[in-house]
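Student: This is the structure I have questions about; it appears just below.
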Amino acid sequence: MRIAVLDDYLKVAAGMADWKSLESEVVFFSEYIEPAKLANTLADFDVICAMRERSAFPASVIQALPKLRLLVTTGMRNNSIDLQACRDKGVLVCGAPGDPKSTGATAELTWSLLLALFKRIPLEAQNMKQGLWQTAMPPTIEGKRLGLLGAGHLGQRVARVAHAFGMEVVAWSPNLTQERAEQAGVKLVTKQELFSSSDAVSVHLVLSDRSRGIVDAASIRSMKPTAFLVNTSRAGLLDQVALKQALEQGTIGGAGLDVFDTEPLPAHDGWRNVPRTILTPHLGYATPENFAVFYTNVVAAIDAYRRGNPIRTLT
Numbered sequence: 055m056r057i058a059v060l061d062d063y064l065k066v067a068a069g070m071a072d073w074k075s076l077e078s079e080v081v082f083f084s085e086y087i088e089p090a091k092l093a094n095t096l097a098d099f100d101v102i103c104a105m106r107e108r109s110a111f112p113a114s115v116i117q118a119l120p121k122l123r124l125l126v127t128t129g130m131r132n133n134s135i136d137l138q139a140c141r142d143k144g145v146l147v148c149g150a151p152g153d154p155k156s157t158g159a160t161a162e163l164t165w166s167l168l169l170a171l172f173k174r175i176p177l178e179a180q181n182m183k184q185g186l187w188q189t190a191m192p193p194t195i196e197g198k199r200l201g202l203l204g205a206g207h208l209g210q211r212v213a214r215v216a217h218a219f220g221m222e223v224v225a226w227s228p229n230l231t232q233e234r235a236e237q238a239g240v241k242l243v244t245k246q247e248l249f250s251s252s253d254a255v256s257v258h259l260v261l262s263d264r265s266r267g268i269v270d271a272a273s274i275r276s277m278k279p280t281a282f283l284v285n286t287s288r289a290g291l292l293d294q295v296a297l298k299q300a301l302e303q304g305t306i307g308g309a310g311l312d313v314f315d316t317e318p319l320p321a322h323d324g325w326r327n328v329p330r331t332i333l334t335p336h337l338g339y340a341t342p343e344n345f346a347v348f349y350t351n352v353v354a355a356i357d358a359y360r361r362g363n364p365i366r367t368l369t
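Using this note's numbering, you'd call the opening residue of the sequence shown number 55 and step up by one each time.
Structure, rendered in structure tokens:
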């Protein structure tokens, strides 16, 4: 078998699992492959290992890969793979879960962005290097209201830290009930109240057809002019045009964004120049602990497949 390991941007995959045990040729791709070149680049591979939703595999790409027999994705959900196209072509898709504690890393990044926004850390740190002193007055976090769009496992982790800071935490999601909100230790409010009354809003929903664009233009317009928005989930949950306009016009205080519609974010993408933003390159899940588990499970999935007993199948 020839095995392709994609999107190894940090060049760490080779050292994080026992690839030699597969007794196959393994090629690691550290550079992002443009969608138009993906099929030609991978035409001679029997197995492809995809990292989450970095490289997309729509039907057009699946159909153009003559040798592909197994597609392993890190994680147990990948919206960038056309599963039906894989079924139609006889390509088996398997998942490779990561470290169960990885949600903690995303919560940590969420709070890194929130603290950086509230305390104006990037601005003041840069100004210090330019010889300036105290150019902004950071507000106190205690007593402020944090709005959580989603109060599942990850949202609850973020809420616990907010409570430790003395914040009031409110939440809303399409399926959140009063009972579940009480169990999570948050106050259930309407979507409109969450956006209009919160000093910061953090997004923690799974992207689906139902949730796409759930942070719409009306929600963004209703936010306080001093409020912050943090998204460590998926870019598709937000109306990107409305958010960019609000930041450029200064109708909200700022945004911390770890996810984008196009990833990697092109070097000259307009988002890189939007004011009042702190941008990070999808760091929420990119920890050594998580990647080590990801790749170990990828190798296990390939080994199980070649032995005729595939595991964690998604098709």
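Each residue gets a CB set at the ideal place from its N, CA and C atoms; glycine is no exception.
1) Quickly, what does DSSP pair W226 with across the bridge? List them, please.
2) Do the CB positions of I306 and A281 come within less than 7 Å of each other?
3) Can you confirm whether the region 237-254 touches the region 217-229 when touching is taken to mean that 3 or more C-beta pairs between the two stretches lie within less than 8 Å?
4) For S84 and A355, what's the separation of their Cα atoms in angstroms?
5) Going along the chain, which residues of its own chain have a beta-carbon closer than 6 Å to the beta-carbon of Y375, five neighbours each way excluded?
6) Could you name the residues that DSSP lists as bridge partners for R288?
7) Is it the case that the Cβ atoms of H207 and T157 are separated by a distance below 7 Å?
8) Since F82 sits in a beta bridge, which residues does DSSP pair it with?
9) Suppose the cutoff is 7 Å on Cβ atoms and the five residues either side in sequence are ignored; what does the same chain contact list for A23 look like?
10) Apart from the five residues just before and just after S252, which ones in its own chain have a Cβ nearer than 8 Å to its Cβ?
11) Among D100, D61, V212, which residue has its Cα nearest to the Cα of L259?
12) When DSSP builds the beta bridges, which residues end up paired with G149?
13) In chain order, what residues of the same chain have a beta carbon less than 8 Å from the beta carbon of R266, not counting five sequence neighbours either side?
14) May I have the straight-line CA-CA distance separating L337 from S166, to the nearest angstrom?
15) Taking the continuous alpha helix (DSSP H) assigned at L163, which residues delimit it?
16) For T341, count neighbouring Cβ atoms within 10 angstroms of its own Cβ and tell me buried if that reaches 16, exposed if not.
17) How would you call A97, buried or exposed, if buried means at least 16 neighbouring beta carbons within 10 angstroms?
18) Count the other CB atoms within 10 Å of the CB of N327; is the residue buried (16 or more) or exposed (fewer)?
19) Alpha carbon to alpha carbon, how far is E79 from A321?
20) Look at N351 and P151 and say whether their C-beta atoms are less than 7 Å apart.
21) Keeping to the same chain, check which residues put their C-beta closer than 7 Å to that of T331; ignore five residues upstream and five downstream.
Tutor: In short:
1) Locating residue 226 in the sequence shown gives position 172, counting from the first residue. BP columns for W226 point to L203.
2) For the purposes of this step, residue 306 is taken as residue 252 along the sequence shown, with counting starting at 1. For the purposes of this step, residue 281 is taken as residue 227 along the sequence shown, with counting starting at 1. Their beta carbons are under 7 Å apart, which means I306 touches A281 by this criterion.
3) yes
4) To locate residue 84, count along the sequence shown from 1; it is residue 30. To locate residue 355, count along the sequence shown from 1; it is residue 301. Answer to the nearest angstrom: the Cα atoms are 21 Å apart.
5) Beyond the ends of the chain as shown, which are 55 and 369, falls residue 375; an answer cannot be given.
6) Within the sequence shown, residue 288 is the residue found at index 234, counting from 1. Partner(s): none; R288 has no beta bridge.
7) Stepping through the sequence shown from its first residue, residue 207 is reached at position 153. Stepping through the sequence shown from its first residue, residue 157 is reached at position 103. Yes.
8) Along the sequence shown, one-based indexing puts residue 82 at 28. Paired residue(s): V59.
9) Outside the displayed span of the chain (55 to 369) sits residue 23, for which this structure offers no information.
10) Locating residue 252 in the sequence shown gives position 198, counting from the first residue. Same-chain partners within the cutoff: R199, L200, G201, V224, M277, K278, A281.
11) In the sequence shown, counting from the first residue as 1, residue 259 sits at position 205. If we check each option's Cα against that of L259, V212 comes out closest.
12) In the sequence shown, residue 149 corresponds to position 95, counting from 1. Beta-bridge pairing links G149 to T127.
13) Mapped onto the sequence shown, residue 266 falls at position 212. Here the set comprises G290, L291.
14) Taking the first residue of the sequence shown as position 1, residue 337 is located at position 283. Taking the first residue of the sequence shown as position 1, residue 166 is located at position 112. About 11 Å.
15) Start at 1 with the first residue of the sequence shown, and residue 163 comes out as number 109. 156-172 is the span of the alpha helix (DSSP H), which, as asked, contains L163.
16) The residue labelled residue 341 in the question sits at position 287 within the sequence shown. Answer is buried; the Cβ neighbour count reaches 16.
17) Start at 1 with the first residue of the sequence shown, and residue 97 comes out as number 43. So A97 counts as exposed.
18) For the purposes of this step, residue 327 is taken as residue 273 along the sequence shown, with counting starting at 1. Classification for N327: exposed.
19) The residue labelled residue 79 in the question sits at position 25 within the sequence shown. The residue labelled residue 321 in the question sits at position 267 within the sequence shown. Those two C-alpha atoms are separated by around 32 Å.
20) Translated into the one-based positions of the sequence shown, residue 351 becomes position 297. Translated into the one-based positions of the sequence shown, residue 151 becomes position 97. Yes, they are a contact pair.
21) Sequence index remark: in the sequence shown, residue 331 carries index 277 (1-based). Apart from sequence neighbours up to five positions away, the residues of its chain that approach T331 with a beta-carbon distance below 7 Å are L301, G308, A309, L311, ordered along the chain.
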